[in-house]
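Q: Residue numbers (the numbering used here), protein chains in the order written: chain A, 1 to 831; chain B, 1 to 73.
Positions of the beta carbon are idealized from the N, C-alpha and C atoms, including for glycine.
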Amino acid sequence: MPFYLQEISIEGIRGVNKRLSLNLSKGVNLLYGPNGVGKSSILQSIEWCMTGNISYLTAPEFKREDAIVNLFNPKKKGEVSVILKDENGRTITITRRRKMAKSTTRGASDLEVNIEGKVLINEDAQSALAKILGIRLEDFPKIAYLHQEAIRDIVIMDPEERSRTIDKLLGTVEIRDLAEALDVKRAISVAKKRLQTRIDVLERNKIQFIMMMRDRLNSQKANLISKGYQISELNIENLTVLTEDIIEDIISTADRLGASKPAIVKPGPSTKVIGEILSQIDKIITELDRFRSSAYRAQEERRLRLENLKSQYNQAESELEEFCSYTPESLLNEKKEVDSQITQLDSQIKGLRDKLTNLTTAKAKLETSTKLILFYEMKLREMEQSYGDEGKHLDLIKENELKQANLEKEIEKFTTYDKLINLALQYISEVKPRECPVCSQLIDHTSVLEKLTREVKVHVTAKIDRLKIEQKEIEKKIEEIKKNLVEYRRVKNLFIDERTRLESITKEIEEITKEKIGAGFEIDSKINSINQQISGLEDQRSTLTIKSAELGQKYDTLMRRLKRLKETQLIIQQETKSSLTGKELLSVIEKEIDKSKEKAKFYESTEQIDAIISRVTKVKEIHGYLKDKEEVEQLERELPQVTKLVEDLKKRIDELTMLEASLETIRQLTLQYEREVVTTILEYLKDSINKYYNSVKGHPYFTKLQLEIEKEEPPIYSIKGIGEDQAHSTYIPTRFSNAQMNVVALSLFLANNEKLAGNLPLVIFDDPSQNLDEDHKKAFANLLKNLAENRQIILATQDESLKNDVSGLIGKDMQLLSFSAWSTEGPKVVS
Amino acid sequence: MLCQTVRTFINKKKPNQRKLTDIYYQIYQAIAPRLPRKGDAELLKLLLDRQREGGKEAVEQKIEELIKKLEGD
Numbered sequence: 001m002p003f004y005l006q007e008i009s010i011e012g013i014r015g016v017n018k019r020l021s022l023n024l025s026k027g028v029n030l031l032y033g034p035n036g037v038g039k040s041s042i043l044q045s046i047e048w049c050m051t052g053n054i055s056y057l058t059a060p061e062f063k064r065e066d067a068i069v070n071l072f073n074p075k076k077k078g079e080v081s082v083i084l085k086d087e088n089g090r091t092i093t094i095t096r097r098r099k100m101a102k103s104t105t106r107g108a109s110d111l112e113v114n115i116e117g118k119v120l121i122n123e124d125a126q127s128a129l130a131k132i133l134g135i136r137l138e139d140f141p142k143i144a145y146l147h148q149e150a151i152r153d154i155v156i157m158d159p160e161e162r163s164r165t166i167d168k169l170l171g172t173v174e175i176r177d178l179a180e181a182l183d184v185k186r187a188i189s190v191a192k193k194r195l196q197t198r199i200d201v202l203e204r205n206k207i208q209f210i211m212m213m214r215d216r217l218n219s220q221k222a223n224l225i226s227k228g229y230q231i232s233e234l235n236i237e238n239l240t241v242l243t244e245d246i247i248e249d250i251i252s253t254a255d256r257l258g259a260s261k262p263a264i265v266k267p268g269p270s271t272k273v274i275g276e277i278l279s280q281i282d283k284i285i286t287e288l289d290r291f292r293s294s295a296y297r298a299q300e301e302r303r304l305r306l307e308n309l310k311s312q313y314n315q316a317e318s319e320l321e322e323f324c325s326y327t328p329e330s331l332l333n334e335k336k337e338v339d340s341q342i343t344q345l346d347s348q349i350k351g352l353r354d355k356l357t358n359l360t361t362a363k364a365k366l367e368t369s370t371k372l373i374l375f376y377e378m379k380l381r382e383m384e385q386s387y388g389d390e391g392k393h394l395d396l397i398k399e400n401e402l403k404q405a406n407l408e409k410e411i412e413k414f415t416t417y418d419k420l421i422n423l424a425l426q427y428i429s430e431v432k433p434r435e436c437p438v439c440s441q442l443i444d445h446t447s448v449l450e451k452l453t454r455e456v457k458v459h460v461t462a463k464i465d466r467l468k469i470e471q472k473e474i475e476k477k478i479e480e481i482k483k484n485l486v487e488y489r490r491v492k493n494l495f496i497d498e499r500t501r502l503e504s505i506t507k508e509i510e511e512i513t514k515e516k517i518g519a520g521f522e523i524d525s526k527i528n529s530i531n532q533q534i535s536g537l538e539d540q541r542s543t544l545t546i547k548s549a550e551l552g553q554k555y556d557t558l559m560r561r562l563k564r565l566k567e568t569q570l571i572i573q574q575e576t577k578s579s580l581t582g583k584e585l586l587s588v589i590e591k592e593i594d595k596s597k598e599k600a601k602f603y604e605s606t607e608q609i610d611a612i613i614s615r616v617t618k619v620k621e622i623h624g625y626l627k628d629k630e631e632v633e634q635l636e637r638e639l640p641q642v643t644k645l646v647e648d649l650k651k652r653i654d655e656l657t658m659l660e661a662s663l664e665t666i667r668q669l670t671l672q673y674e675r676e677v678v679t680t681i682l683e684y685l686k687d688s689i690n691k692y693y694n695s696v697k698g699h700p701y702f703t704k705l706q707l708e709i710e711k712e713e714p715p716i717y718s719i720k721g722i723g724e725d726q727a728h729s730t731y732i733p734t735r736f737s738n739a740q741m742n743v744v745a746l747s748l749f750l751a752n753n754e755k756l757a758g759n760l761p762l763v764i765f766d767d768p769s770q771n772l773d774e775d776h777k778k779a780f781a782n783l784l785k786n787l788a789e790n791r792q793i794i795l796a797t798q799d800e801s802l803k804n805d806v807s808g809l810i811g812k813d814m815q816l817l818s819f820s821a822w823s824t825e826g827p828k829v830v831s
Numbered sequence: 001m002l003c004q005t006v007r008t009f010i011n012k013k014k015p016n017q018r019k020l021t022d023i024y025y026q027i028y029q030a031i032a033p034r035l036p037r038k039g040d041a042e043l044l045k046l047l048l049d050r051q052r053e054g055g056k057e058a059v060e061q062k063i064e065e066l067i068k069k070l071e072g073d
């Protein structure tokens with residue numbers, strides 16, 4: 001009996017976080033709401049519960065995280081339960097659980113099925129369900145679930161991807177995948193090439209190398225024999241003995257040279273050990289020769305040093321011969337005496353210089369004083385020419401003062417007269433008398449007044465003014481004479497003072513020159529005489545200075561040479577460890593030089609070391625030969641292994657060839673099988689496809705669909721539309737609209753569902769109205785109505801007109817589940 | 001015949017391996033009898049087993065492993 005999906009309960013899967021339980025009707029269930037509210041999550045949860053897988057979660061990003069378990073679920077796990085019920089009331093509860101994994105494709109899920117109280121797990125549950133429902137659960141998507149991606153891929157993908165989608169719809173995509181995965185010719189060819197390269201390298205390098213080494217060894221042996229080696233010598237025992245002999249020789253040579261005893265291990269009968277010892281011997285010989293060479297240089301350096309010291313000593317002695325009449329003390333005393341004479345001369349020169357300075361200064365003063373006296377004399381004469389000497393000046397002053405006194409009296413007289421006139425005038429003008437008060441003569445006071453005023457008063461006033469002017473002139477003259485007298489007295493005093501000073505200077509000069517100044521005395525000749533004396537003394541001083549310097553230099557040279565002799569002597573004494581001096585010391589140094597010569601000659605010879613090197617060279621030749629021989633023998637022993645390795649690699653190539661052939665055979669048979677299966681399915685579904693194609697309003701002319709395999713590798717399907725009159729056909733992508741292409745996808749899916757639904761007549765549509773116009777939607781709604789007669793339908797859409805069409809046609813029998821919004825808790829059902 | 005390396009590789013069965021009962025079983029049933037060599041059927045079974053577990057990529061990975069095994073890396 002057919003089952004229908006009665007209830008679904010989802011928690012933690014895809015976009016559903018909190019538990020969401022939905023009861024479904026047996027007929028049409030319409031999940032309606034805008035995009036992104038979680039409708040597809042509910043449909044995918046049904047698919048996952050039935051199959052453990054969700055189709056189309058195959059992009060690379062799905063491998064990087066788990067897209068099945070809800071991201072926000074606090075338990076990080078998901079569970080879906082589906083309850084199926086048949087007409088007899090039998091129920092099957094299918095429950096699938098999963099923990100969040102690192103990837104969508106990783107991590108398993110657990111299936112539990114409860115059939116009337118009997119609980120089955122995983123494979124047993126799967127087998128039991130397949131038996132009851134009559135379908136394999138993995139076929140569930142192709143039979144019952146039309147994904148929106150399948151419709152989209154049919155419409156927009158290229159032929160290869162479209163063919164893959166058709167394979168998905170037909171349930172043959174796994175065969176296609178297998179055939180594609182088996183196409184590995186290139187990878188195997190690359191692997192075979194790599195193996196062949198390894199074989200080539202081994203054959204070319206290893207085997208040819210061994211042959212070359214063997215040839216070289218033979219020629220090496222022939223070369224040794226030609227050099228005089230016996231075949232019996234070319235063995236490890238002989239090599240060990242020869243090496244031991246060399247070691248003994250090195251030790252005794254080191255002892256003879258005075259070097260430290262070298263530490264060398266005793267050789268064992270092994271080329272490796274002897275090889276190491278030989279390289280050690282090389283180093284020791286190098287060190288020994290370096291020691292010898294160094295010792296030789298040391299002796300030579302000592303000999304040269306001693307010879308040089310001897311020569312220095314002889315030279316120091318010969319340099320002292322020219323000083324045989326001197327001693328350092330005699331030279332020093334002689335120098336002191338000369339220096340004392342220089343000091344005396346310095347004192348004399350200083351005395352003369354002081355005298356010269358004083359005399360020169362006195363001369364300058366004398367000249368100045370003389371000039372001043374002449375100047376004052378001239379000045380006095382000039383002044384005497386104006387007013388005479390001092391007595392004359394005084395007489396002139398007296399004379400003028402007398403004149404002044406007379407003028408004074410005259411002025412007084414006229415002033416009195418003036419006063420009288422003024423009184424008379426005042427009287428006349430006030431009294432206006434008719435007669436003269438003195439003589440009583442009749443007068444005309446007016447005319448008297450006029451006459452007195454005009455003649456007498458004018459005359460008297462003028463006289464007084466003239467007398468006053470004269471008085472002022474005399475006063476001025478007296479002042480001038482007095483002033484002149486003061487200046488005359490000052491110059492005369494200066495003249496007297498200068499003459500006193502001149503006398504003092506003269507005395508000073510007389511004291512300097514110790515000579516009375518008289519006639520014929522010339523100060524310049526005195527100065528010249530002193531200058532000549534100084535010059536003479538300086539010449540003497542210069543001669544003595546040179547002599548003193550020469551004596552000092554001689555003394556220094558003598559001291560230096562004596563010091564050098566002593567130093568050289570000291571070095572020789574230290575070098576020869578002797579306390580002798582003079583000729584005895586020279587005898588000792590000569591003996592030491594001879595000794596160094598002998599030692600240097602000993603160290604100069606490389607004979608002993610050369611002999612060892614020569615023996616080492618021979619041992620090395622034998623060692624080289626034996627070592628190469630061992631290597632060649634070792635390589636020859638390894639040759640079978642190389643050959644075996646080459647054979648193994650060749651065998652691997654053969655095996656890869658066989659694998660390639662096997663995979664190719666399987667691939668060809670897989671492709672053949674796919675053709676057979678697809679051909680069978682298409683034949684089986686042909687009528688059904690066309691029935692649905694026409695019921696959902698396909699192309700108006702191309703009323704029949706024909707699916708064929710057009711190309712076999714990889715399989716490419718052609719979907720052609722055939723005209724009703726069979727006159728024309730067309731590839732659907734070339735002439736079909738997107739809506740018509742959508743109808744083709746629906747037809748394929750529904751044909752599958754019709755033929756393979758088994759006991760679960762369920763159809764799930766996820767957004768099936770993509771690209772459909774209103775007419776097509778109406779046709780699709782009509783189809784749903786027909787399908788609902790014998791199928792349960794779950795339809796998710798955001799298309800309002802489709803919703804209205806479907807609800808209009810189906811009415812109350814349709815269950816509408818509306819979703820309003822999505823949150824991290826999951827979809828929200830509003831009705 | 002498949003070489004021993006591949007044969008040994010194929011026979012390394014995983015624990016809890018499921019029986020072939022699905023589309024892969026159908027493919028095996030259809031192709032295996034037509035294969036000329038017995039070992040090829042074993043190889044096919046191995047590959048289908050892997051495809052069931054991990055799809056096409058798993059088959060490709062398995063073949064790659066086989067090639068590497070034979071190459072001796």
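1. Where do the N-terminal and C-terminal ends of the beta strand (DSSP E) with residue 765 of chain A fall, by residue?
2. Kindly confirm or deny that the region 480–487 of chain A and the region 391–404 of chain A touch, where touching means at least three C-beta pairs closer than 8 Å.
3. I'd like the ranges of any alpha helix (DSSP H) spanning at least 4 consecutive residues and lying wholly in the region 221–288 of chain A.
4. Mind listing the chain B neighbours of residue 195 of chain A? Cutoff is C-beta to C-beta under 7 Å, in chain order.
5. If you count every other CB in all the chains shown that lies within 10 Å of the CB of residue 44 of chain A, and 16 or more means buried, which is it?
6. Near residue 645 of chain A, which residues of its chain fall below 8 Å by C-beta distance, leaving aside the five closest residues on each side in sequence?
7. So which residues on chain B does residue 177 of chain A lean against when the C-beta distance must stay under 8 Å?
8. When you compare only the Cα positions, how much space is there between residue 555 of chain A and residue 549 of chain A?
9. Please decide whether residue 46 of chain B counts as near chain A, where near means a Cβ-Cβ distance under 8 Å.
10. Once the 5 residues before and after residue 758 of chain A are set aside, which same chain residues still bring their CB inside 6 Å of it?
11. On the premise that residue 13 of chain A lies in contact with residue 70 of chain A, defined as a C-beta separation below 8 Å, what is that separation, rounded to the nearest angstrom?
12. Which residue's Cα is closest to the Cα of residue 459 of chain A: A:449, A:490, A:418?
13. Label residue 181 of chain A either buried or exposed according to how many other C-beta atoms from any shown protein chain fall within 10 Å of its C-beta, with 16 as the threshold for buried.
14. Please state the DSSP three-state secondary structure of residue 708 of chain A.
15. Which bits of chain B does residue 663 of chain A rub up against, with CB to CB less than 8 Å?
16. Do the region 561–578 of chain A and the region 380–390 of chain A touch if we need at least three Cβ pairs shorter than 8 Å?
17. Any beta carbon of chain A sitting closer than 8 Å to that of residue 17 of chain B?
18. Between residue 28 of chain B and chain A, is any beta-carbon pair separated by less than 8 Å?
19. Take residue 47 of chain B and list the residues in its own chain whose beta-carbon comes closer than 8 Å to its own, dropping the five residues that flank it on each side.
20. To be precise: take each residue of the region 163–177 of chain A, compare its Cβ to all Cβ atoms of chain B, and keep it if any distance is under 8 Å. Which residues remain?
21. Does the CB of residue 20 of chain B have a neighbour CB from chain A at under 8 Å?
22. Roughly how many whole angstroms lie between the Cα atoms of residue 339 of chain A and residue 350 of chain A?
23. Compile a chain-ordered list of the residues in the region 749–760 of chain A whose CB is closer than 8 Å to at least one CB of chain B.
24. For residue 239 of chain A, return the contacting residues in chain B, with the cut-off set at a CB-CB distance below 7 Å.
25. Have a look at residue 820 of chain A and residue 30 of chain B and give me their C-alpha separation to the nearest angstrom.
26. Check whether the Cβ of residue 104 of chain A lies closer than 8 Å to any Cβ atom in chain B.
27. Looking at the unbroken beta strand (DSSP E) that takes in residue 574 of chain A, where does it start and where does it end?
28. With DSSP collapsed to three states, give me the class of residue 120 of chain A.
29. What did DSSP end up calling residue 840 of chain A once you bin it into helix, strand or coil?
30. Can you name, in chain order, every residue of its own chain whose Cβ lies under 8 Å from the Cβ of residue 413 of chain A, other than the five neighbours on each side?
31. Is the CB-CB distance between residue 464 of chain A and residue 403 of chain A below 8 Å?
32. Can you look up residue 389 of chain A in the DSSP assignment and give me helix, strand or coil?
33. Would you list the residues sitting across from residue 110 of chain A in a DSSP beta bridge?
34. Can you tell me where the alpha helix (DSSP H) holding residue 801 of chain A begins and where it ends?
35. So residue 380 of chain A packs on residue 516 of chain A, CB below 8 Å; how close in whole Å?
36. With DSSP run on the structure shown, which of helix, strand or coil describes residue 819 of chain A?
A: Working from what's here:
1. Indexing the first sequence from 1 puts residue 765 of chain A at position 765. Unbroken beta strand (DSSP E) run through residue 765 of chain A: 762–766.
2. yes
3. For the alpha helix (DSSP H) assignment, the uninterrupted runs of no fewer than 4 residues enclosed by the region 221–288 of chain A are, from N- to C-terminal side, 236–257.
4. The sequence position of residue 195 of chain A within the first sequence is 195, counting from 1. By Cβ distance, chain B contributes 71.
5. Translated into the one-based positions of the first sequence, residue 44 of chain A becomes position 44. The residue in question, residue 44 of chain A, is buried, as its Cβ has 16 or more Cβ neighbours within 10 Å.
6. Position 645 of the first sequence, counting from 1, holds the residue named residue 645 of chain A. Counting only Cβ-Cβ distances below 8 Å, and skipping sequence neighbours, we find 202.
7. One-based indexing of the first sequence puts residue 177 of chain A at position 177. Within 8 Å Cβ-Cβ: 51, 55, 56, 59.
8. Here residue 555 of chain A refers to the residue found at position 555 when the first sequence is read from its first residue. Here residue 549 of chain A refers to the residue found at position 549 when the first sequence is read from its first residue. So the two alpha carbons sit approximately 10 Å from each other.
9. As a first step, residue 46 of chain B must be located in the second sequence, where it is residue number 46. No, because no Cβ of chain A sits closer than 8 Å to the Cβ of residue 46 of chain B.
10. As a working note, residue 758 of chain A is residue 758 in the first sequence. Here the set comprises 133, 134, 135.
11. As a working note, residue 70 of chain A is residue 70 in the first sequence. As a working note, residue 13 of chain A is residue 13 in the first sequence. Sure, about 6 Å apart at Cβ, within 8 Å.
12. Here residue 459 of chain A corresponds to residue number 459 of the first sequence, with the count starting at 1. Of the candidates A:449, A:490, A:418, the one whose C-alpha sits nearest the C-alpha of residue 459 of chain A is A:418.
13. As a first step, residue 181 of chain A must be located in the first sequence, where it is residue number 181. The residue is buried, with at least 16 neighbouring Cβ atoms inside 10 Å.
14. By 1-based counting over the first sequence, the position of residue 708 of chain A is 708. Three-state DSSP puts residue 708 of chain A in a strand.
15. Residue 663 of chain A sits at position 663 when you count from the first residue of the first sequence. Simply 43, 63.
16. no
17. Within the second sequence, numbered from 1, the residue matching residue 17 of chain B stands at position 17. Because the pLDDT at residue 17 of chain B is just 43, under 50, the model does not fix this residue reliably, and the value given afterwards should be weighed accordingly. Residue 17 of chain B does not count as touching chain A.
18. Walking along the second sequence from the start, residue 28 of chain B turns up at place 28. Chain A contact via Cβ: absent.
19. As a working mapping, residue 47 of chain B is identified with position 47 in the second sequence. So the qualifying residues of the chain are 59, 62, 63.
20. 171, 174, 175, 177
21. The residue you call residue 20 of chain B lines up with position 20 of the second sequence. Only weak support is given to the placement of residue 20 of chain B: the predicted model assigns it a pLDDT of 40, under 50, and the value that follows is read from those uncertain coordinates. Answer no: the Cβ-Cβ gap between residue 20 of chain B and chain A never drops below 8 Å.
22. In the first sequence, counting from the first residue as 1, residue 339 of chain A sits at position 339. In the first sequence, counting from the first residue as 1, residue 350 of chain A sits at position 350. The alpha-carbon atoms of residue 339 of chain A and residue 350 of chain A are separated by roughly 16 Å.
23. none
24. Within the first sequence, numbered from 1, the residue matching residue 239 of chain A stands at position 239. Residues of chain B passing the Cβ test: none, with the nearest at roughly 42 Å.
25. Translated into positions along the first sequence, residue 820 of chain A becomes position 820. Translated into positions along the second sequence, residue 30 of chain B becomes position 30. Residue 30 of chain B has its alpha-carbon roughly 50 Å from the corresponding atom of residue 820 of chain A.
26. For this step, residue 104 of chain A is matched to residue 104 along the first sequence. Cβ-Cβ to chain B under 8 Å: no for residue 104 of chain A.
27. Sequence index remark: in the first sequence, residue 574 of chain A carries index 574 (1-based). Residue 574 of chain A -> not in any beta strand (DSSP E); alpha helix (DSSP H) instead, spanning 523–576.
28. For the purposes of this step, residue 120 of chain A is taken as residue 120 along the first sequence, with counting starting at 1. When DSSP states are grouped into helix, strand and coil, residue 120 of chain A belongs to the strand group.
29. Any property of residue 840 of chain A remains undetermined from this structure, which presents chain A solely from 1 to 831.
30. Residue 413 of chain A sits at position 413 when you count from the first residue of the first sequence. Setting aside the 5 residues that flank it on each side, residue 413 of chain A has no residue in the same chain whose C-beta is closer than 8 Å to its C-beta.
31. Counting from 1 along the first sequence, the entry for residue 464 of chain A is found at position 464. Counting from 1 along the first sequence, the entry for residue 403 of chain A is found at position 403. Contact: no.
32. Against the first sequence, residue 389 of chain A aligns to sequence position 389. Of the three classes helix, strand and coil, the one that applies to residue 389 of chain A here is coil, per DSSP.
33. Reading the first sequence from its first residue, position 110 is the one you call residue 110 of chain A. According to DSSP, which records beta bridges pairwise, residue 110 of chain A is partnered with A:97.
34. What you label residue 801 of chain A is simply residue 801 of the first sequence in a count that begins at 1. Start and end: 800–810.
35. Here residue 380 of chain A refers to the residue found at position 380 of the first sequence. Here residue 516 of chain A refers to the residue found at position 516 of the first sequence. Between residue 516 of chain A and residue 380 of chain A the Cβ distance is about 30 Å, and since that is not below 8 Å, they are no contact.
36. Residue mapping note: residue 819 of chain A aligns to position 819 of the first sequence, counting from 1. The answer is strand: DSSP assigns residue 819 of chain A an E or B state.
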